[in-house]
Every structure is written in C-alpha cells, then in structure tokens.
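Novice:
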Amino acid sequence: MSTSTWLTTEQKAHYGRFLRQFRRNQKAVIGLGIVVSLFVIAIVTYFAPEIVPYDPSATDVPNREAAPSLQHPMGTDDLGRDVFSRVVLGTQISLYVGFVSISAAMIMGTTIGVVAGYYQGLIDESLMRLMDAMMSFPPILLALTIVAVMEPSLNNVIIALAFVYTPFIARVARSAALSVRNESYIEAAVARGESDTYIIFREVLPNCVGPLLVQGSINIAFTMLLEASLSFLGLGVQPPRPSWGLMINSGWAYMGDAPWIVLFPAAAIATAVIGFNLLGDGLRDVLDPKGEIIE
Amino acid sequence: MSRATTSTPTEASTEPLLSVESLRTQFRTEDGIVTATNDVSFSLDHGEVMGIVGESGAGKSVTAKSIMRLIRYPGEIAGGSVVFDGEDLLSYSEAEMRSIRGNRITLIPQDPMTSLNPVLTVGQQITETIELHQDVDHEEAREIAIEAMREVEIPAPETRIDEYPHEFSGGMRQRILIAIGLACEPDLIIADEPTTALDVTTQAKILELLNDLREEHGVSILMITHNLGVVAQTCDRVGVMYAGNLVETGTVSSIFKQPRHPYTRALIDAIPTVDGERGRDRLYALAGSMPDLKALPDGCNFADRCPHAIDACRRGEDPSLESVAGAPADTEAACIRADELDLTEPETSEGDRRQDKAISAEPLLAVDGLKKHFPSGDGLLGNLSLTRADGGGLSLERRYVKAVDGVSFTINRGETVGLVGESGCGKSTVARTVLQLLEPTDGEVYFDGQPLGELGSTALRSLRREMQIIFQDPKSSLNPRKTVGQLIGRGMEKHDIATGDEKRERIEELLERVGLQKSDIDKYPHQFSGGQQQRIAIANALAVEPELIVCDEPVSALDVSVQAQILNLLDDIQAEYGLSYLFISHNISVVQHICDRVAVMYLGKIAETGTVEQVFAPPYHPYTESLLSAVPHADPTRQPDRILLEGTVPSPLDPPSGCPFHTRCPKKIGDVCETDVPLPAPIGGDERHQIACHLSEAEMSTPLYDEPAAEPEP
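Note that the protein sequences, when read in sequence, are chains W and E. Numbering follows numbering that gives the first Met the number 0, with no gaps: position 200 of the first sequence is 199. Numbering follows numbering that gives the first Met the number 0, with no gaps: position 216 of the second sequence is 215.
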C-alpha cells in the first residue's frame, strides 16, 4: 500500500472511500433514507404547519373515531382530531427530543468515558461505578423519577433522557479510549510535553468518534421510544401537543372500536426506531475503526 | 550437523512430494484485483526442507495457504496446479481436503500465543487432531499425543498433557503446535514463520528441534520465513519471492555463495552481520519498496529497484524462472541478465564507510541505580498476598514485578548506546523510565546534569523537547486522524520553534531529509508503507531539534531491506544533527551495527556493558555468549555451535537469588552463583567494559560448545 498516485486531494479520497462503502451498505442506505425523510417532514412542518390537511388541535366531535378514509387517511381520534395531521406533526417532537437529549448525553458521556479511559485507576473506578449505578435502574424508572421530581414538561423530559443515556455513551467512550490509550502516539504526545487536556481531546477523542457515532444513532431510537413511553404515562409531553406516545396513551382505551388511533402513531414510532437502528448498524459496518485506518 | 546428512532424500522416489505449477492466487478488493501470487512454480522432494523467503507482501504466506487450500473469500486460486503425492489438490472436494489437512499436510502457525485454544488442555487439542484422522480410540490417541509431546522434547509429557496452554512458555507452546502437526505423521509440514514471534535463544532451540525431527521422520518441510539466517541454518533449498513471484530457486549453499538474481543479492547484503569486517560499514539498502500488487510495472517487477536494470528489463512480461548458465543444475533465476551478471561480491553503496562521529566525553544522560517495580495484580489490594515467613507465621506482603532492578549507564553526546536483551528483560521499561513516562521507583536520571526526578512538571515539559522517542510500531505511533503536516508541526508549535509558513517550510525540509516527498505533507499516515511511516516518525522526532532520541526497537517491525534504509538514515542524521541515541533492540546484529557502546540486560539487571568490540568478543558474560551463539547466521557454511540455554527466563515477580542468570547458566560454578549477587567488575582494568559474573576472566574467555541438551523446565 504505497502512496497511490491517482489521488488528487487526499481528503477527497478519504471521504470518497467512506461514501462508497456507505452506499454499498443496504442497511445504512435504508436507515439514512428513513432518517432523512423524517427530518424533511419535521423541518417542513415546523416552518409551514399549515401544510397538514387539518389543524391538529381542532376537535370535530360529531366526526370522532372515524375510520380511515380519503378525507382522513388515518382516521380521527376520540375527539375527532385528524390522526394523520397529528402523526406528521408528532415527528417534530420526537426528533427534537431525540436529538437534543442524545446530544447532551453524548457530551456528558463522552467526557466522562474518555477521561475515565485515559486516566484509568481510581478516577476510572469511581466514574464508571457511578455510571454502573445509574445503569442498574431500568431506564424508564430512572427517567420517571427524574421527571416526577422536576415536573412533567418537554424540557424536563429531555434533561431526564440525557441523564439516562449518559452511562451508555460513557461505557462506549471509555472502551474506545482504553484501546486508543495504548497506542504509541499517546505516549509520543506525553513525551512531547503535551498537557492531559490536549491529549484527551485532541489525540484520544478523534479516534473514538466511530463507535460513538454508532452508539449515538442507535441510542436516539431508544430515547424516542422512552419519550413515547413517558408521554404515554402522562409524564412527558403535555396534551394537546401531538406526541406519538401521548397519542397512543389517549387512544388505547378505544383500541377495540378505533384501532387506528393507536396503530398509526405506533407505526410512526416503529419506523423512526427502525430507521435510526439501521443507520447505526450500517455506520458500524462501514466505520469499523480498524478497517478505516488500515487501508 | 543435520544439514550434511539429509540433503539426500530419505526415501528414494522419482516423483517429487509436492509440485506447484503456475499457481496464481488473487484477491478481489475494492480497488481492483490483487494478484498475491502470480505463476509460482516449485517442487519439493521427499524429506527435503525448502525455504521460501521474501519481504512482507511478497506472497509467501499466500503460497502456503494456497497449497492447503485455505484461501477464503475474497481470495481465490485462479489457476495452476498443486500436485501432492501424485494427486492434484485443487481438484479435491472440500471433504477430501479436510482429510489431507492436519493429516498429511500440517501447518505450524506463526504465533504460538494465539494459536492454541486457551480453554482446552493441550492434550485435548493434540488428541482432537489424532481422533479426527486416525482410527483410534481415546486412550490410544492419548498415548500417541504423549509420544508426540515427548518427541518435541516437552519434559514430563504424561503430566503436562493435562495442562492448559497458559501454563506453558512461548517456546513450549510452539513445541506443542509442532506436536499437533507431527501427531498424524504427516508427509509435509508447512511452517509459516515458526520462530518469528520467539526470542532468539528460544528460536535456536525450535530450529534445532525441527532439524532433528526431519532427520528422524524424513518429513518434508516448507519453511516460510523472512529471515535468511533461519533459511541458512535449516533448509536444503530456497526459493526467493518478490511481488508474488519466485525470482530465484536453488540450493542454500549455491544461493548464499553466488546469488543469481539481484534481489537475492540485495536481501543478503541488507543484513547487518554479527561479525566480520563490514559489520560497521553502511548497509547496502535497496531504494524504494515493493511495487503495488494491483498495478505491477511492465517487464521485470524488480526493475525499478534493481541496480543492474537495463532498458530491456522494463519491457514485456515479468521474466520467468530459467536455469542459469554456469550455475548448478537446479539453480533457476527470473532475470534476463542472470547469465551475464556476477553477483558473488556484496553490493556496495556510495559513501561506503560510515561518517565519523564526534563523540564527546561529556555525558548527556546519566542513569544511576534506576529501579522500576510494578505492583503485581491490579486493584487496590491486588498486590497484597499472604506469605508464610520462615518462622511459620502468616504475613501480608506486597508483591512487585521488578522490571528494572538497579540499572546504571551513561550516554555521551553524539554517542549511540544499545540496550539488548530478550523480551521481558526490562529494556522498554528502562526507555520509558528514562523519559519519565514512568516514574522510577528508585534511582535517578540526569539529563545534562539535571536530575529529572526533582524537576517540576513545567520544567520537565519544556525539557521534553530535548528527548524524543521512536517506537517499534510506526503505525501505532502516528495518530491516524492527523495529516503528516499536523503531526510533525505540532511539536514545533508546542515548543515555539516555528509557526505558519516557516513551520510548513521546515516540515517539508524534514520530509525531504528523511527521504519522503514535500507533497507528502498533506497525506494521512495510512497512505504510507511501514518503512515510510517510520521515516515520518523520525521526522517527527527531529522536528523539535532534540539532543537525545530513544529508539525503542525502531526496525523490528520492518522488512530487512527497509530496515537497512532506516538504519542508514538514523546513522546519517546522527552526525548531521549531533544526536545521541539510546537504541533498544533484541536484534544483536542491528545493535552491533549501529551502536558505539552496548549494555546487555537480563531480568532487569545489566549483565555486561562495554564498547561494541568489547562486548561481542571474549571475555563474555555467559549470557552474552549464549545470545551471540543463538543468532542464526546468514551463512550456511558456518557450523551451528549454538549454546542452547536451558529453561526459560524466570519470572521477574520472583527473581532467582544470587545471580539472576544462574538457573540457565551453562557455566555455573556452584553455590556462589545462587547466593551472591555478582557486581559489575571492570575487565582487564578497563572501566568501560564491565561484567557482572563470578567467573574469572580466563573462564569467561573459554568458548563453550554445548551439546544440544533436552530442556527441563522449572
């Protein structure tokens, strides 16, 4: 593997290779397709909410629990609101909650994990045992407790989710940092007289990005599920905002008569979860850290 | 001794045992088809030992795997034939192949540490093979397994058969792998770098064992190796591979005496010799590296690096193996000029003698009584253990691995000091402790007169500029996420040497100085070969203009021709930049080539120290003597008078009392070795040459030619 002469700009080749492998990976492509569509829906409906056929909060009691029809492609709920409009608008909330909480969890988890993995010893033990303690609670229980203590609201849900998923990210970051730490270039950086902060954030962290990206995109799916669960239990997003979990919550009593009230939001959750999972899986295949570094 | 007796096959047969014809193996990759072996043809007689040598990527292992049909997707055998004992293996079904593998053809893998399953006893792993291929019941299989273990000289096989792999040392595990290979009495053993992962003294024993086995069983061996010394010591015939093709085949003696292909000549010349006049000369180094197997050049694959290439070499097809006029009948070379070239004499390169160095008498680095003990076990209470005192009472004791136990030496300005020893002797720990990457347990390191242990962390950080390190594995020593420019530039920024355009200019200068292109500055490390990566690492070390560079096995991971390039480079920049080196290596010939003074380490202590001439000539410390004798020489005419050390290196957790070497010493004189720690004493009144041994100078000067002894393990 000598220097290839057909390269014009090195970075182009670097990312070109990544893109080609990504395109060849069906899982990644399907996952990315779903995720991008969800984003498009969320962004479009955010700037142009009138694009959906009905006002999501407008009740139409005479026409409640109407089966799916041309007028209401997903039927109407117990108050006569259009399920389709509400599902479409629910995308915004799900993605918002998922992304903001995972970003926060990534920042906290990565810092904790990389610091633990770099220093090892006592710092590692105390940080990771704390993470283990947090992980030993079922995620839903921990999130419920946090939200219940604060008070149910969208932002508190996000804070709770960020806390719940921090240990998961921290674990991955730590194991990645542990293996990077043993590379000679870390020792070389110490020998060069670099500070610990520089080594952790400039030498170790960039080499942990692959697994973290994978973990993040898979965990986004979980946070979206957990948000739905919290909303379902009435501790998440407050009505009348259209959240998928909340819609299932308010619809499940009518499952026998009007299954579509539950079915379509549930399908939306499933699609989003599958999309992010596929993307994460595909990324893992493509980003195999060894495969990327060794040509 | 085995060489002379077995060069005639034990079984008279006209058919060769193995005959490979035009073997072509390809791998489909994203960037195109890689032809790993292209038109490889050779044959192997009954009872013959043939070596396949070449640098990494030459296709040696792929040839071996193709013979056993172990090539997996995306690779495939695209053409040719492999005739084994009259049958074409390539036409066999997978089921038929399985009855051949492990039974009639066996493979001895490279790494004994990972090739045994850790959860099965060695007995289970040997009998597994036997029961699979032979019609015997469990008891009989066990008998055969014990017999095989006895055959490979494992002491007390009846009891050791029920032990797990981790209870054996590296050399012993390699013996077990050989026992597995032997258990079914195969016709052919393919040994894929069987000694590469082993220390030199262990390697000597394994090679001795293979020689004995082939003598007793008449088994044929195909020895894949990159080490010409191993070939010279064990093989009858040799095939030299380059870029997927055999470029020369012939008997060992004729190839070493008069190579017919320029590449063979270059391989032989690139090895630093342990003794001999040209030991200290510049090494002859081939420029460049092996061509990309995806895009081989027109004509001879070697033409671009060949000192004898003419225009005709760069046209047409790669030349095929042909017999050479005036050479022994079975010598063949793939070179269009083979008939006219006389390659008897070593190639010489310009600037033949090494540059004279200015070594001052003033010490740059002084290491005084350095100790580094690691707590054994992990966790807060991990290194505590219960011990019974002499009186019988139980007491708690902290246990330490004494990796470095009282080491003192100095490095003068402009000097190269070598630290040599087998793995686990503490060489690398010394390097890291000297650089204060590890905190010494005791002792002090003085750099330019300043005690490093007393410096504050800020002062130490700025002093780090003066001391750099080059690591063994260049791939691991360069951050894969940074471009070459970022890597090298960082040190300059850090220590305020240069910024902006000046920095870039300097980096480009450095890159050219170490033999790379200016334009390489924006590339990533993975775009370079191992040798080029090591050049980047050297440029990186030079960037901060240090006074001392610690080289931790800088050429061990490199091919022999690249090794020669790097050694020459280190040599050149030393004079130019006025550098001092602490050069750590297990390779004695490399140390002898590059160093001015040497310290031989054993079990955390220095056994012998002195100038290169003093250490590698009598009187020796017995350990130095056995190390020197264990190096396989690239000279088949040399009598193998190796000293085979008994047993293995004792654990540094529990080092022997008295002289650390007494458990294995072939010259042990008695109780004094077990009770008294020998102190380094000057030899012949010369303070520079010190040996830590109880023997008298006369005794240390007497050579010892030991019989190949069985090795009782402690």
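Beta carbons are placed, not taken as given, at the ideal position from N, Cα and C, and that holds for glycine.
#1: Classify N37 of chain E as buried or exposed, calling it buried when 16 or more other Cβ atoms lie within 10 Å of its own Cβ.
#2: Suppose contacts are defined by Cβ-Cβ distances below 9 Å. Is V19 of chain E in contact with V81 of chain E by that definition?
#3: Select from the region 450-465 of chain E all residues with a C-beta closer than 9 Å to any C-beta belonging to chain W, and list them in chain order.
#4: By a C-beta neighbour count over all protein chains shown, 10 Å radius and 16 as the cutoff for buried, is G275 of chain E buried or exposed?
#5: Measure the Cβ-Cβ separation of D235 of chain E and V48 of chain E and say whether it is below 9 Å.
#6: Thinking C-alpha only, which one of E:G170, E:D134, E:A542 and E:M289 is nearest G530 of chain E?
#7: Output the distance between the C-alpha atoms of V554 of chain E and S584 of chain E, rounded to the nearest integer angstrom.
#8: Extract the residue ranges of the alpha helix (DSSP H) inside the region 92-119 of chain E, only unbroken runs of 4 or more that lie entirely within it.
#9: For the candidate residues E:L509, E:H45, E:T415 and E:E438, whose alpha-carbon lies nearest to that of D547 of chain E?
#10: By the criterion of Cβ-Cβ separation under 7 Å, what are the contact partners of G715 of chain E in chain W?
#11: Any chance you could list the alpha helix (DSSP H) runs of at least 4 consecutive residues sitting entirely within the region 642-698 of chain E, in chain order?
#12: Taking contact to mean 3 or more Cβ pairs, one atom from each stretch, closer than 8 Å, check whether the region 95-113 of chain E and the region 24-39 of chain E are in contact.
#13: Give, in chain order, every residue of the region 473-487 of chain E whose Cβ lies closer than 7 Å to some Cβ of chain W.
#14: State yes or no: is the beta carbon of Y117 of chain W nearer than 9 Å to at least one beta carbon in chain E?
#15: At which residues does the alpha helix (DSSP H) containing D404 of chain E begin and terminate?
#16: Whole angstroms is fine: what's the gap from Y399 of chain E's alpha carbon to F373 of chain E's?
#17: At least one CB of chain C closer than 9 Å to the CB of F660 of chain E: is that the case?
#18: Starting from G238 of chain E, follow the beta strand (DSSP E) in both directions and report where the run begins and ends.
#19: Contact criterion: CB-CB distance below 9 Å. Does H494 of chain E meet it with respect to chain W?
#20: Under 8 Å Cβ-Cβ, which residues of chain E neighbour Y296 of chain W?
#21: Please compile the residues from chain E whose C-beta is within a distance smaller than 8 Å of the C-beta of E202 of chain W.
#22: Would you kindly report the start and end of the unbroken beta strand (DSSP E) that includes Q531 of chain E?
#23: Measure the alpha-carbon distance for A538 of chain E versus E507 of chain E and round it to whole angstroms.
#24: Taking just the CA atoms, how far does H688 of chain E sit from N411 of chain E?
#25: So, helix, strand or coil for K493 of chain E, using DSSP?
#26: Between which two residues does the beta strand (DSSP E) holding P374 of chain E run?
#27: Identify which residue in W:F17, W:L88, W:S56 and W:T75 has its Cα closest to the Cα of W243 of chain W.
#28: With DSSP run on the structure shown, which of helix, strand or coil describes G350 of chain E?
#29: Answer yes or no: do P327 of chain E and S253 of chain E have a C-beta to C-beta separation smaller than 9 Å?
#30: Answer yes or no: does any C-beta atom of chain E fall closer than 9 Å to that of R80 of chain W?
#31: List the DSSP bridge partners of Q449 of chain E.
#32: Taking the beta carbon of D351 of chain E as the centre, do at least 16 other beta carbons fall within 10 Å, making it buried, or is it exposed?
#33: Expressed to the nearest angstrom, what Euclidean distance is found between the alpha-carbon atoms of I690 of chain E and A598 of chain E?
#34: So which residues on chain W does Q467 of chain E lean against when the C-beta distance must stay under 9 Å?
#35: Skipping 5 residues on each side, what residues in its chain have a beta carbon closer than 6 Å to that of F301 of chain E?
#36: What does the alpha-carbon distance come out to for the pair G669 of chain E and I205 of chain E?
Specialist: Once the coordinates are examined:
#1: As a position in the second sequence, residue 37 of chain E is number 38, starting the count at 1. Buried is the label assigned to N37 of chain E, since at least 16 other Cβ atoms lie within 10 Å of its Cβ.
#2: Counting from 1 along the second sequence, the entry for residue 19 of chain E is found at position 20. Counting from 1 along the second sequence, the entry for residue 81 of chain E is found at position 82. Result yes, Cβ atoms of V19 of chain E and V81 of chain E sit closer than 9 Å.
#3: Using a CB distance below 9 Å, the part of the region 450-465 of chain E facing chain W consists of L459, R460, S461, L462, R463 and R464, ordered along the chain.
#4: The count along the second sequence starts at 1 and reaches residue 275 of chain E at position 276. Any reading at G275 of chain E needs caution, since the residue's pLDDT is 49, under 50, leaving its predicted position unreliable; the model's value is listed next. It counts as exposed.
#5: Within the second sequence, residue 235 of chain E is the residue found at index 236, counting from 1. Within the second sequence, residue 48 of chain E is the residue found at index 49, counting from 1. Cβ distance < 9 Å, so D235 of chain E and V48 of chain E count as in contact.
#6: To locate residue 530 of chain E, count along the second sequence from 1; it is residue 531. The residue with the shortest Cα to Cα distance from G530 of chain E is E:M289.
#7: Here residue 554 of chain E corresponds to residue number 555 of the second sequence, with the count starting at 1. Here residue 584 of chain E corresponds to residue number 585 of the second sequence, with the count starting at 1. Using only the alpha carbons, I get a separation of about 8 Å.
#8: 93-99
#9: The residue you call residue 547 of chain E lines up with position 548 of the second sequence. Sequence check: residue 547 of chain E is Leu here, not Asp. Taking only the C-alpha atoms, the option nearest L547 of chain E is E:T415.
#10: Beyond the ends of chain E as shown, which are 0 and 713, falls residue 715 of chain E; an answer cannot be given.
#11: 670-674
#12: no
#13: Cβ contacts with chain W come from S475, S476, L477, N478, P479 and R480.
#14: Translated into positions along the first sequence, residue 117 of chain W becomes position 118. For Y117 of chain W, the answer is no, since every Cβ of chain E falls outside 9 Å of its Cβ.
#15: Position 405 of the second sequence, counted from the first residue, corresponds to residue 404 of chain E. Segment Y399 to N411 is the beta strand (DSSP E) holding D404 of chain E; no alpha helix (DSSP H) there.
#16: To locate residue 399 of chain E, count along the second sequence from 1; it is residue 400. To locate residue 373 of chain E, count along the second sequence from 1; it is residue 374. Cα to Cα, the separation comes out at about 5 Å.
#17: The structure shown has no chain C; the protein chains it does contain are W and E.
#18: For the purposes of this step, residue 238 of chain E is taken as residue 239 along the second sequence, with counting starting at 1. Where G238 of chain E is concerned, the enclosing beta strand (DSSP E) stretches over R236 to Y241.
#19: Position 495 of the second sequence holds residue 494 of chain E. Cβ-Cβ to chain W under 9 Å: yes for H494 of chain E.
#20: This structure gives no information on residue 296 of chain W, because the portion of chain W shown stretches from 0 to 294.
#21: What you label residue 202 of chain W is simply residue 203 of the first sequence in a count that begins at 1. Under the 8 Å cutoff, chain E gives N478.
#22: One-based indexing of the second sequence puts residue 531 of chain E at position 532. Note, Q531 of chain E: premise wrong, no beta strand (DSSP E); alpha helix (DSSP H) at G529 to L541.
#23: Translated into positions along the second sequence, residue 538 of chain E becomes position 539. Translated into positions along the second sequence, residue 507 of chain E becomes position 508. Whole-angstrom Cα-Cα distance: 10 Å.
#24: As a position in the second sequence, residue 411 of chain E is number 412, starting the count at 1. As a position in the second sequence, residue 688 of chain E is number 689, starting the count at 1. Roughly 16 Å between the two C-alpha positions.
#25: Start at 1 with the first residue of the second sequence, and residue 493 of chain E comes out as number 494. In this structure, K493 of chain E counts as helix in the three-state DSSP scheme.
#26: Position 375 of the second sequence, counting from 1, holds the residue named residue 374 of chain E. First-last of the beta strand (DSSP E) with P374 of chain E: P362 to P374.
#27: The residue you call residue 243 of chain W lines up with position 244 of the first sequence. Residue W:L88 is the option with its Cα nearest to W243 of chain W.
#28: Reading the second sequence from its first residue, position 351 is the one you call residue 350 of chain E. Bear in mind that a pLDDT of 49 at G350 of chain E, under 50, signals an unreliable position, so the number given afterwards is only what the model happens to contain. Of the three classes helix, strand and coil, the one that applies to G350 of chain E here is coil, per DSSP.
#29: Stepping through the second sequence from its first residue, residue 327 of chain E is reached at position 328. Stepping through the second sequence from its first residue, residue 253 of chain E is reached at position 254. Cβ atoms of P327 of chain E and S253 of chain E: closer than 9 Å.
#30: Here residue 80 of chain W refers to the residue found at position 81 of the first sequence. No, because no Cβ of chain E sits closer than 9 Å to the Cβ of R80 of chain W.
#31: Along the second sequence, read from residue 1 onward, the residue named residue 449 of chain E stands at position 450. Partner(s): E:F446.
#32: Taking the second sequence and counting its residues from 1, the one referred to as residue 351 of chain E is at position 352. Residue placement at D351 of chain E is poorly supported in this model, since its pLDDT is 48, which falls under 50; the coordinates still yield a value, given next. Per the 10 Å Cβ criterion, exposed.
#33: By 1-based counting over the second sequence, the position of residue 690 of chain E is 691. By 1-based counting over the second sequence, the position of residue 598 of chain E is 599. If I take the Cα positions, the gap works out to 10 Å.
#34: Numbered from its first residue, the second sequence carries residue 467 of chain E at position 468. Simply A187, A190 and R191.
#35: The count along the second sequence starts at 1 and reaches residue 301 of chain E at position 302. Contacts found: Y241 and Y262.
#36: Taking the first residue of the second sequence as 1, we reach residue 669 of chain E at position 670. Taking the first residue of the second sequence as 1, we reach residue 205 of chain E at position 206. Cα to Cα, the separation comes out at about 29 Å.
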